[in-house]
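Visitor:
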Amino acid sequence: MAPKDIMTNSHAKSILNAMNALRKSNTLCDITLRVENTDFPVHRIVLAACSDYFCAMFTSELSEKGKSFVDIQGLTASTMEILLDFVYTETVLVTVENVQELLPAACLLQLKGVKRACCDFLDSQLDPTNCLGIRDFAETHNCLDLMQAAELFSQKHFPEVVQHEEFMLLSQNEVEKLVKCDEIQVSKVDLVRYYYTCRNAVITIVIIVVSLGSLVIAY
Numbered sequence: 039m040a041p042k043d044i045m046t047n048s049h050a051k052s053i054l055n056a057m058n059a060l061r062k063s064n065t066l067c068d069i070t071l072r073v074e075n076t077d078f079p080v081h082r083i084v085l086a087a088c089s090d091y092f093c094a095m096f097t098s099e100l101s102e103k104g105k106s107f108v109d110i111q112g113l114t115a116s117t118m119e120i121l122l123d124f125v126y127t128e129t130v131l132v133t134v135e136n137v138q139e140l141l142p143a144a145c146l147l148q149l150k151g152v153k154r155a156c157c158d159f160l161d162s163q164l165d166p167t168n169c170l171g172i173r174d175f176a177e178t179h180n181c182l183d184l185m186q187a188a189e190l191f192s193q194k195h196f197p198e199v200v201q202h203e204e205f206m207l208l209s210q211n212e213v214e215k216l217v218k219c220d221e222i223q224v225s226k227v228d229l230v231r232y233y234y235t236c237r238n239a240v241i242t243i244v245i246i247v248v249s250l251g252s253l254v255i256a257y
């Protein structure tokens, strides 16, 4: 009988579970992350395997390489706990309350799985009240797929989007770019009505030339 390589799906998971138990009991930990005066004992090898950020920190000639603890700036202790739970369990809880802190932190520490989970969550939350804000948030953190999804959503739901605060806060250039998109099918009269309905307190004159594909706004 010929030899055969046999893969067991549970092997990697069992190792992670064991490493997480060791982390929780501060056993065999060889580095401590300090965030907002909270210490997180961890294993260098686990963090380096999961994050290019930590791999560079622990393997290059950076000053942190030989230290027993490292200060991590730019995120909260509660967010660090969520990220470490992901590193050791492959599971992350993304909520409306934490996603705006979690995504930038995942980008900072180069945790691609968390970044992807945050983007998927925000994509599922798109609606006319928040799509423009999510688009800008995605662009800031280089989440191109999410940015494009939010952009397309704002175009397809333009009549609803213009009735909400995020649209009122757009600059002239941003409005021009939005209304020129092929996905938006509205008449000149409707556009004028939207502007006067939503922004009549600040707009003095609105001139829209849809047929030429251009928009001029005078404040």
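Quick note on this note's numbering: the sequence shown kicks off at 39 and runs consecutively.
Just so it is clear, CB atoms sit at the ideal spot from N, CA and C, and this is done for glycine as well.
(1) Measuring CA to CA, which of 116, 97, 81 is closest to residue 74?
(2) Could you tell me how far apart the beta carbons of residue 135 and residue 54 are, in whole angstroms, since I believe they sit closer than 8 Å?
(3) For residue 152 versus residue 164, is the C-beta spacing smaller than 9 Å?
(4) What ranges does the beta strand (DSSP E) occupy inside the stretch 85 to 119, keeping only unbroken runs of at least 3 residues that lie completely in it?
(5) With 16 as the cutoff for other CB atoms within 10 Å, does residue 66 come out buried or exposed?
(6) Within 10 angstroms of the Cβ of residue 81, are there 16 or more other Cβ atoms? Answer buried if so, exposed if not.
(7) If contact is defined by three or more beta carbon pairs under 8 Å, each pair taking one atom from either stretch, is the stretch 167 to 180 in contact with the stretch 119 to 126?
(8) Would you mind sorting residue 107 into buried or exposed? The rule is 16 or more other CB atoms within 10 Å of its CB.
(9) Given this structure, state the Cα-to-Cα distance separating residue 195 from residue 203, to the nearest angstrom.
(10) My guess is that residue 124 and residue 130 are in contact by the Cβ rule of under 8 Å, so how many angstroms apart are they, rounded?
(11) Rounding to the nearest angstrom, what Cα-Cα distance links residue 51 and residue 216 in this structure?
(12) Would you grab the beta carbon distance between residue 184 and residue 157 for me? Rounded to a whole angstrom, and I think it's under 8 Å.
(13) Of the choices 199, 144, 97, whose alpha-carbon is the least far from that of residue 176?
(14) Can you give the Cα-Cα distance for residue 211 and residue 162, rounded to whole angstroms?
(15) If distances are taken between C-alpha atoms only, which option among 147, 190, 159 comes closest to residue 88?
(16) Taking the alpha-carbon of residue 187 as reference, which of 159, 205, 206 has the nearest alpha-carbon?
(17) Quick check on this structure: which residue in 110, 197, 173 has the alpha carbon closest to the alpha carbon of residue 69?
(18) Apart from the five residues on each side of it in sequence, which residues of its chain come closer than 7 Å, Cβ to Cβ, to residue 137?
(19) In the DSSP assignment, what residue or residues form a beta bridge with residue 77?
(20) Give the straight-line distance between the Cα atoms of residue 206 and residue 192, rounded to the nearest whole angstrom.
(21) Reducing DSSP to helix, strand and coil, say where residue 83 ends up.
(22) Whose C-beta lies closer than 6 Å to the C-beta of residue 79 among residues of the same chain, with five residues either side of it excluded?
(23) Which stretch, first to last residue, makes up the alpha helix (DSSP H) that contains residue 53?
Guide: So, to answer that:
(1) Minimum Cα distance to residue 74 is reached at 116.
(2) That belief does not hold up - the Cβ atoms of residue 135 and residue 54 are roughly 26 Å apart, past 8 Å.
(3) It is not a contact, given that the beta carbons lie outside the stated cut-off.
(4) Runs found: 107 to 109.
(5) By the beta-carbon neighbour count (other beta carbons within 10 angstroms, threshold 16), residue 66 is exposed.
(6) The residue is buried, with at least 16 neighbouring Cβ atoms inside 10 Å.
(7) They do not touch, by the three-pair rule.
(8) The residue is exposed, with fewer than 16 neighbouring Cβ atoms inside 10 Å.
(9) Spanning the two alpha carbons is a distance of roughly 15 Å.
(10) Sure, about 4 Å apart at Cβ, within 8 Å.
(11) Computed Cα separation, rounded: 46 Å.
(12) With a beta-carbon spacing of about 4 Å, residue 184 and residue 157 fall inside the 8 Å limit used to define contacts.
(13) When only C-alpha atoms are compared, the closest one is 144.
(14) Each residue's alpha carbon lies about 28 Å from the other.
(15) Of the candidates 147, 190, 159, the one whose C-alpha sits nearest the C-alpha of residue 88 is 147.
(16) Each of 159, 205, 206 was checked against the Cα of residue 187, and the nearest Cα belongs to 159.
(17) When only C-alpha atoms are compared, the closest one is 110.
(18) Hits under 7 Å: 156, 159, 160.
(19) Note: residue 77 sits in a beta bridge opposite 72.
(20) Residue 206 and residue 192 have their C-alpha atoms some 13 Å from each other.
(21) Residue 83: helix per DSSP, three-state reduction.
(22) Here the set comprises 64, 67, 70.
(23) Segment 48 to 62, the alpha helix (DSSP H) holding residue 53.
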